[in-house]
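*Asks:* This is the structure I want to talk about, given as structure tokens.
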Amino acid sequence: MPQVFHRSTNTFSRVSIFGALFFIAAATYGLALINRSAYVTQAGVARAQPIQFSHRHHAGELGIDCRYCHTSVERTASAGVPPTQTCMNCHAQIWVDSPVLEPVRASYRTDTSIRWTRVHDLPDYVYFDHSIHVQKGVGCATCHGRVDQMNLTWQESSLQMEWCLDCHRNPERYVRPRAEVFDMAWEPPANQLDLGRELMRTYKIQRLTDCYTCHR
Amino acid sequence: MRAVLVRVALVGVVTLAGGGCRRDMQDAPRYDPYEVSTFFKDGRASRHLVAGTVARGQLHEDAAIYTGKSADGFVSALPFPLTHAVLDRGHERYDIYCSPCHDRVGTGAGMIVQRGYKPPPSLHEERLRKLPLGYFFDVMTNGFGVMPGYAPQVPEDDRWAIAAYIRALQRSQHASVDDVPPADRGALDAPAPGAPSGVKEAGHGAS
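So this is what it looks like as structure tokens:
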């Protein structure tokens, strides 16, 4: 009986068996990459807003403190988005004829809310609280990046569970003195780990990795 | 055989139907802060208090604390003891909420004023230095002239702390050597902490 397959097919079959393994591994790795990519997490994508409000202009160049507008960030879970009244504090006198600000004035006149597009949105099954992070020395910039240099706001971090946990496991890598929380330009010093451990002692920071910390 | 098939089909249908009823936990049926509501006419999920309701602990019985005024005019003392912590708090809050216009030392040349806002008077004016503490609380609460009120952004305690800090600012600009305790006067001639030593020498030039 003649050989149906040529000898070389042996090599083919071996290669394809190992190739399949390799393919599965590569596909898994690829999927993991896609899942962490900006395409899925929307990190780094500036959102269109009803008004061209610029943090770069207000927080960066004018030097207005975050808390002037996000008043509740030290006290409550939500950082707070400023009401139109806060804009009118200044814009009742500044750029009063500017068409860019017409939606703000219209909102003030008619007592309707400005509908900002949400940039950060955790799923509702996750509990997040700003106040504890601010009190324990996690800076705005650690999670939100250099907001003071953004024209339209984007999300800097992935907001995935692995991102939260990375810090909850090793807070010493990220915490800073409380007085520096609102300083957007603060850079970790060379001895961040020593400083971090020291701060963990003074602020009594725990490593909160139990599921019920965030899923309650 | 037929009966078994029917049972299997039933289980399948029920499972699929159950899956269809899945509630997406991503967006639970509750309102988050600032969420849009389709129920209320103005579209806001965050509601104002119904007129006339008073939350526990917010009766505001003591008018002096919440208005800065008593029967005989503006009050002149803090409603709580003055400590270093109060001044530090006032300092911090002043820098956040007032310095954009009044600038950090209170002369009224803040960033927003430089961009065209009406310049406020210097807080070191003779007239303002004589006014009682309650007056500053009142200006912050209700605004003054074109200046908006800050009650929505700054809670009462903080407004009092800011008032106390303004007093401290005013004194700082009119301080004399006599205000420094004799024991500390030697420190006045020492270089300012953190000042690079070269600067001092350059300033004193020939000496």
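Respectively, the protein sequence lines represent chains G and B.
If you want the working numbering, it's the position in the first sequence, counting the first as 1, plus 119.
If you want the working numbering, it's the position in the second sequence, counting the first as 1, plus 271.
Glycine included, each C-beta is placed from N, C-alpha and C at the ideal position.
1) Any beta-carbon of chain B closer than 8 Å to the one on Thr332(G)?
2) List, in chain order, every chain G residue whose beta-carbon is nearer than 9 Å to that of Lys389(B).
3) What did DSSP end up calling Lys255(G) once you bin it into helix, strand or coil?
4) When you compare each of Ile183(G), Phe301(G), Glu291(G) to Ala309(G) by their alpha carbons, which one comes out closest?
5) Kindly indicate which residue of Val215(G), Asp240(G), Gly256(G) has the alpha-carbon position closest to the one of Tyr388(B).
6) In chain G, what lies closer than 7 Å to Tyr305(B) by C-beta?
7) Please state whether the Cβ-Cβ distance between Arg166(G) and Thr231(G) is less than 8 Å.
8) Count the other CB atoms, across all protein chains shown, that sit within 10 Å of the CB of Ile437(B); report buried if there are 16 or more and exposed otherwise.
9) Against chain G, which members of the segment 311–326 of chain B pass a CB distance test of less than 8 Å?
10) Which two residues bound the contiguous alpha helix (DSSP H) that contains His373(B)?
11) Is it right to say Ala162(G) is buried, meaning 16 or more other beta carbons lie within 10 angstroms of its own, or is it exposed?
12) Can we say the segment 335–343 of chain B touches the segment 409–420 of chain B, given the rule of at least three CB pairs closer than 8 Å?
13) DSSP three-state call for Val307(B): helix, strand or coil?
14) Applying the criterion that 16 or more other CB atoms from any shown protein chain within 10 Å of the CB defines a buried residue, is Cys330(G) buried or exposed?
15) Mind checking Cys320(B): buried by the 16 CB within 10 Å criterion, or exposed?
16) For the segment 214–247 of chain G, which residues have a CB atom closer than 9 Å to at least one CB atom of chain B, in sequence order?
17) DSSP on Gly381(B), reduced to helix/strand/coil?
18) May I ask you to verify whether the segment 295–308 of chain G touches the segment 249–261 of chain G, counting CB pairs closer than 8 Å and requiring at least 3?
19) Does the beta carbon of Val417(B) sit closer than 8 Å to a beta carbon anywhere in chain G?
20) Looking at the C-beta of Lys471(B), does it have a partner C-beta in chain G at a distance below 8 Å?
21) Are Leu181(G) and Ile383(B) close, meaning C-beta to C-beta below 8 Å?
22) Is Lys323(G) helix, strand or coil by DSSP?
23) So what does Gly480(B) bridge to, in DSSP terms?
24) Given that a residue counts as buried once 16 or more other Cβ atoms are within 10 Å of its Cβ, and exposed if not, what is Gly405(B)?
25) If you count every other CB in all the chains shown that lies within 10 Å of the CB of Gly476(B), and 16 or more means buried, which is it?
26) For Gly377(B), count neighbouring C-beta atoms within 10 Å of its own C-beta (all shown protein chains included) and say buried if the count is 16 or more, exposed if not.
27) What does the Cβ neighbour count give for Val325(B), buried or exposed, with the cut at 16 atoms within 10 Å?
28) Ile336(B) CB to nearest chain G CB: under 8 Å?
29) Name the chain D residues whose beta carbon is nearer than 8 Å to that of Ile383(B)?
30) How about Gln424(B) and Tyr365(B): do their beta carbons lie closer than 8 Å?
31) Who are Gln274(G)'s beta bridge partners in DSSP?
32) Which residue or residues does DSSP assign as beta-bridge partners of Met418(B)?
33) Leaving out five residues before and five after Asp267(G) in sequence, what residues of the same chain have Cβ atoms less than 7 Å from its Cβ?
34) For a quick check, are the C-beta atoms of Val294(G) and Met269(G) less than 8 Å apart?
35) Could you tell me whether the segment 181–198 of chain G touches the segment 238–256 of chain G, where touching means 3 or more Cβ pairs closer than 8 Å?
36) Using 8 Å as the threshold, is the C-beta distance between Gln168(G) and Thr229(G) below it?
*Replies:* Taking the definition as stated:
1) For the purposes of this step, residue 332(G) is identified with residue 213 of the first sequence, where counting begins at 1. No, its Cβ sits nowhere closer than 8 Å to a Cβ of chain B.
2) The residue labelled residue 389(B) in the question sits at position 118 within the second sequence. Those are Gln212, listed as they occur along chain G.
3) Within the first sequence, residue 255(G) is the residue found at index 136, counting from 1. In the structure shown, Lys255(G) sits in coil (DSSP, three-state: anything other than H, G, I, E or B).
4) Numbered from its first residue, the first sequence carries residue 309(G) at position 190. When only C-alpha atoms are compared, the closest one is Glu291(G).
5) As a first step, residue 388(B) is located in the second sequence; it is residue number 117 there, counting from the start. Looking at the Cα atoms, Val215(G) is the closest of the given residues.
6) The sequence position of residue 305(B) within the second sequence is 34, counting from 1. Contact of Tyr305(B) with chain G by beta-carbon distance below 7 Å involves Val200.
7) Translated into the one-based positions of the first sequence, residue 166(G) becomes position 47. Translated into the one-based positions of the first sequence, residue 231(G) becomes position 112. Arg166(G) places its beta carbon 8 Å or farther from that of Thr231(G).
8) To locate residue 437(B), count along the second sequence from 1; it is residue 166. Buried, by the Cβ-count rule.
9) Within the segment 311–326 of chain B, the qualifying residues are Asp313, Gly314, Arg315.
10) What you label residue 373(B) is simply residue 102 of the second sequence in a count that begins at 1. Run containing His373(B): 370–373, per the alpha helix (DSSP H) assignment.
11) For the purposes of this step, residue 162(G) is taken as residue 43 along the first sequence, with counting starting at 1. Looking at its Cβ environment, which holds 16 or more other Cβ atoms inside 10 Å, Ala162(G) is buried.
12) Yes: the two stretches touch, three or more of their Cβ pairs being nearer than 8 Å.
13) By 1-based counting over the second sequence, the position of residue 307(B) is 36. Val307(B) carries a strand assignment under DSSP once its states are collapsed to helix, strand and coil.
14) If you number the first sequence from 1, residue 330(G) lands on position 211. By the 16-neighbour rule on beta-carbons within 10 angstroms, Cys330(G) is exposed.
15) Along the second sequence, read from residue 1 onward, the residue named residue 320(B) stands at position 49. Residue identity differs from the one stated: residue 320(B) is Leu in this sequence, not Cys. Sixteen is the threshold: since fewer than 16 other Cβ atoms of the shown chains lie within 10 Å of the Cβ of Leu320(B), the residue is exposed.
16) Going along the segment 214–247 of chain G in chain order, one finds Trp214, Asp230, Thr231, Ser232, Arg234, Trp235, Arg237, Asp240, Pro242, Asp243, Tyr244 with a Cβ nearer than 9 Å to chain B.
17) As a working note, residue 381(B) is residue 110 in the second sequence. Taken through DSSP and simplified to helix, strand or coil, Gly381(B) comes out as coil.
18) Flag = yes, the segment 295–308 of chain G and the segment 249–261 of chain G touch.
19) What you label residue 417(B) is simply residue 146 of the second sequence in a count that begins at 1. Answer yes: the Cβ-Cβ gap between Val417(B) and chain G drops below 8 Å somewhere.
20) Taking the first residue of the second sequence as 1, we reach residue 471(B) at position 200. With a pLDDT of only 41 at Lys471(B), under 50, the local geometry of the prediction cannot be trusted, and the value read off the model is given with reservation. Chain G contact via Cβ: absent.
21) In the first sequence, residue 181(G) corresponds to position 62, counting from 1. In the second sequence, residue 383(B) corresponds to position 112, counting from 1. Taking 8 Å as the Cβ cut-off, Leu181(G) and Ile383(B) qualify as a contacting pair.
22) Locating residue 323(G) in the first sequence gives position 204, counting from the first residue. Three-state DSSP puts Lys323(G) in coil, outside helix and strand.
23) The first residue shown for chain B is 272 and the last is 478, placing residue 480(B) beyond what the model contains.
24) Here residue 405(B) refers to the residue found at position 134 of the second sequence. Within 10 angstroms of the beta-carbon of Gly405(B) lie 16 or more other beta-carbons, which makes it buried.
25) One-based indexing of the second sequence puts residue 476(B) at position 205. Only weak support exists for where Gly476(B) lies, its pLDDT of 35 falling under 50; the coordinates are left without a value.
26) Residue 377(B) sits at position 106 when you count from the first residue of the second sequence. With 16 or more other CB atoms across the displayed protein chains lying within 10 angstroms of its CB, Gly377(B) is buried.
27) The residue you call residue 325(B) lines up with position 54 of the second sequence. Under this definition Val325(B) is an exposed residue.
28) The count along the second sequence starts at 1 and reaches residue 336(B) at position 65. No, Ile336(B) does not count as interfacial toward chain G.
29) Given the protein chain composition of this structure (G and B), no chain D is represented.
30) Along the second sequence, read from residue 1 onward, the residue named residue 424(B) stands at position 153. Along the second sequence, read from residue 1 onward, the residue named residue 365(B) stands at position 94. Not closer than 8 Å, so no.
31) Along the first sequence, read from residue 1 onward, the residue named residue 274(G) stands at position 155. Beta-bridge partners of Gln274(G) (DSSP): Ala162(G).
32) Start at 1 with the first residue of the second sequence, and residue 418(B) comes out as number 147. Per DSSP, Phe415(B).
33) Residue 267(G) sits at position 148 when you count from the first residue of the first sequence. Excluding five sequence positions before and after Asp267(G), the CB atoms of its chain that fall closer than 7 Å to its own CB belong to His174, Arg175, Ala178, Gly179, Met303, given in chain order.
34) Position 175 of the first sequence, counted from the first residue, corresponds to residue 294(G). Position 150 of the first sequence, counted from the first residue, corresponds to residue 269(G). No. Outside cutoff.
35) The answer is yes - the segment 238–256 of chain G touches the segment 181–198 of chain G, with three or more Cβ pairs under 8 Å.
36) Indexing the first sequence from 1 puts residue 168(G) at position 49. Indexing the first sequence from 1 puts residue 229(G) at position 110. Contact flag unset, no.
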